[in-house]
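2 protein chains.
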Amino acid sequence: MAKQNTVFKDAFNRCLALLETSSALASEPELGSQLGVSRTTIRAILTRLEEIGLIEWSKRRKVVLRKPVAEDYFPTEETDSLSEIIERSFMRRILAGGAEPGMQINELELAREIGTGTTSVREFLIRFSRFGLIEKRPNSHWVLKGFTPEFALELTEVREMFELRSAAAFAHLPDGHPAWTELETIAELHREILADVDNRYREFSELDERFHLLVHRASRNRFIIDFYDIIAIVFHYHYQWNKTNARQRNARAMEEHLAYIDALKSRDPARIEDACRRHLKSARETLLQSIN
Amino acid sequence: MAKQNTVFKDAFNRCLALLETSSALASEPELGSQLGVSRTTIRAILTRLEEIGLIEWSKRRKVVLRKPVAEDYFPTEETDSLSEIIERSFMRRILAGGAEPGMQINELELAREIGTGTTSVREFLIRFSRFGLIEKRPNSHWVLKGFTPEFALELTEVREMFELRSAAAFAHLPDGHPAWTELETIAELHREILADVDNRYREFSELDERFHLLVHRASRNRFIIDFYDIIAIVFHYHYQWNKTNARQRNARAMEEHLAYIDALKSRDPARIEDACRRHLKSARETLLQSIN
DNA sequence: GATCTGTCTATTGTAGATAAAAGACAGAAG
DNA sequence: CTTCTGTCTTTTATCTACAATAGACAGATC
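Residue numbers (the numbering used here), protein chains in the order written: chain A, 70 to 361; chain B, 70 to 361.
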């Protein structure tokens, strides 16, 4: 295979989802922007829709013949892009598996295990190297530096610098700025989840990312915003494979978020700094505890 | 060609340089660690040395027959690794040439222009993307964000945070730490260059990098240290293609460095912060002036 | 005249192949 | 018994090829 057609399959599935509700299809360019793909892919989707007897299609006339059923969808495993597969597979190995710091990483071996070509693995490792967990020895292997307490401390040190500054900048956003509405939405979601925390505490991880990214964005600094990728990926996989006390941990973090949000809304620098520090401190402790 | 033999050629040249002074060759493993290459490459070098009649070689007996001459060396163009060539070529286009922000970057076109395969260009762009100057549109082109005043401001904002913190950490290095010796060496070099500034001001660029990297290292934080790569590459190419007032600019920076170094030696936090801020402020101004 | 479709071209993402370089191991030499 | 060399295997760096996807343009349709 030269290139997986995951873009097609994923867009096809999303197109079926559209058909579940609406019973008409827009024009090709219109569909293209709805699904975020090119017309070439849209036409491939339409062709397939016709093949499986879901629509009748001739030029601009598109008649929906029936509702999509479960079998029409491509299985979700087939819609993940190769880089997502590699990332998951790799993170599982280094976060979950017993991967010792100093261990060598072998491109060829990784590629064979994941079942892909070496090019994709190489490109992934290069992209991933900016997270500071691996390092390249030129003309030779990569070295795993490991998800160690030092890593966590260095990460949180920078995170705290960046977030304090971003939070301070947040207070200066003009009244009409969309970030204030988004902040309110996020606050509301916190309250909803907290109200039914036993059942919904798992939704926190995603919300956490959304909230902190919003704060970081207020810095208007690409380096600060980009750095949040590292935090996000670490916390993302960390939450996924470390579930001790998750309910309690998340509930506490949500309370802290709400206080932090109130502080932001007050626009009082001292209050903001205090609430932010308080939350960052407990986030750091949580992360560190889980590593040892 | 599958792989350029630049490692061989470069190590070969360095081996000739060794022969200029010493007239004996160590064992294969020993040579390997001296030149930083594997035994495979050492043996290729020895084979070539024998071919061009520079040595007689049989097992552990290596007799040097004559001194190397200029023609023995490989031309320097052939010793640059492909990634260095791509980097230079790319930086020239975006810093020197009239590259507008928002411009599309085409992997294939770049590869054709530089005369390499697309894989290498792709990998370079991925590595380079962490500098915040380009951004990928998946399944489509890269976008040049450009070396704009915003870029410079965002870069210096983070740089100032990091350097202030690193400088503060420097004061806490224990007395015997090698950084203090290195600092003294760097100070001395500053004085030497300043004493003959009209002729030697060009040496500042390298010294500048060496000094600031030393300071950043005191943070003991990989993210802070790695970030210095971005600053270094920007200033490196920037100095190279922007020579207005270079002598005066560099002289001023060196004076500031010396004050900064004195402050570090005093270990007085207030003095350090003051000297550091002073220098960073003028560095930022210099950078910004040159962009418009 | 604006937007759509048919068709064609160019570029990206990925696999596979190959030379260069690293590195492993056994036996030789000190 | 330590370090070296000869030989062999494995891995990396890079090129080329090709399917998937994006994107351009002219003529068709509203």
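Quick reminder that beta carbons are idealized off the backbone N, C-alpha and C, glycines included.
All values derive from a computational prediction rather than experimental measurement.
Check	Outcome
Check whether chain A comes within 7 Å of Met230 of chain B, counting only Cβ atoms and requiring the distance to be less than that.	yes
Quickly, what does DSSP pair Ile203 of chain A with across the bridge? List them, please.	A:Leu213
When we look at the beta-carbon of Val106 of chain A and count the other beta-carbons within 10 Å, is it buried (16 or more) or exposed?	buried
Check whether the Cβ of Arg353 of chain A lies closer than 7 Å to any Cβ atom in chain B.	no
Could you tell me how far apart the beta carbons of Leu233 of chain A and Glu342 of chain A are, in whole angstroms, since I believe they sit closer than 8 Å?	6 Å
In this structure, how does DSSP classify Arg347 of chain B when only helix, strand and coil are distinguished?	helix
From this set, A:Ile293, A:Pro218, A:Ile154, A:Leu194, which residue's C-alpha is nearest Gly184 of chain A's C-alpha?	A:Ile154
Rounded to whole angstroms, what is the Cα-Cα separation between Ala240 of chain A and Glu223 of chain B?	19 Å
Please check the pair Ala168 of chain A and Gly215 of chain A, which I expect to be a contact at CB under 8 Å, by giving their CB distance rounded to whole angstroms.	7 Å
My parser needs the beta strand (DSSP E) runs of 3 or more residues fully inside the region 103 to 174 of chain A; what are they?	124 to 127, 130 to 133
Looking at Ile360 of chain A: is its Cβ nearer than 7 Å to the Cβ of Ala221 of chain A?	yes
Is there contact here, the region 310 to 325 of chain A with the region 256 to 275 of chain A, by at least three beta-carbon pairs under 8 Å?	yes
Kindly indicate which three-state DSSP category Thr185 of chain B falls into: helix, strand or coil?	coil
Leaving aside the five residues before and after Arg83 of chain B along the sequence, list all residues of the same chain whose C-beta is less than 6 Å from its C-beta, in chain order.	Leu104
If contacts are defined as beta-carbon pairs under 8 Å, then Pro144 of chain A and Glu89 of chain A qualify, I think. What distance do you get, rounded to the angstrom?	Rounded, the Cβ-Cβ distance is 18 Å, inconsistent with contact.
What three-state label does DSSP hand Thr313 of chain B in the structure shown?	coil
If you run the structure through DSSP and keep just helix, strand and coil, what is Ser359 of chain B?	helix
Suppose only complete runs of 4+ residues qualify. What are the alpha helix (DSSP H) ranges in the region 75 to 99 of chain B, listed by chain order?	75 to 90
What separation, rounded to the nearest whole angstrom, lies between the Cα atoms of Ser91 of chain B and Arg108 of chain B?	20 Å
Between Phe143 of chain B and chain A, is there a C-beta pair that is closer than 7 Å?	no
Decide yes or no for the touch test of the region 294 to 301 of chain A against the region 327 to 347 of chain A: beta carbon pairs closer than 8 Å, at least 3 of them.	no
Under a three-way DSSP split, which group does Ala240 of chain A fall into?	coil
Can you tell me which of the three DSSP states Ala287 of chain B falls into?	coil
Going by C-alpha distance, which of A:Arg112, A:Ser152, A:Phe231 is nearest Arg129 of chain A?	A:Arg112
Residues of chain B with CB closer than 9 Å to the CB of Asn175 of chain A, please, in chain order.	Going along chain B, no residue has its Cβ under 9 Å from Asn175 of chain A, so there is no contact; the nearest lies around 17 Å.
Does Asp331 of chain A come out as helix, strand or coil in the three-state DSSP assignment?	helix
Phe193 of chain B CB to nearest chain A CB: under 7 Å?	no
Can you tell me where the alpha helix (DSSP H) with His259 of chain A in it begins and where it stops?	247 to 264
Candidates A:Leu151, A:Arg336, A:Phe197, A:Ala328: which alpha carbon is nearest Leu349 of chain A's?	A:Ala328
When burial is assigned at 16 or more other CB atoms within 10 Å of the CB, is Thr110 of chain A buried or exposed?	buried
Closer than 8 Å is the cut-off here; do at least three beta carbon pairs connect the region 203 to 213 of chain B with the region 277 to 286 of chain B?	no
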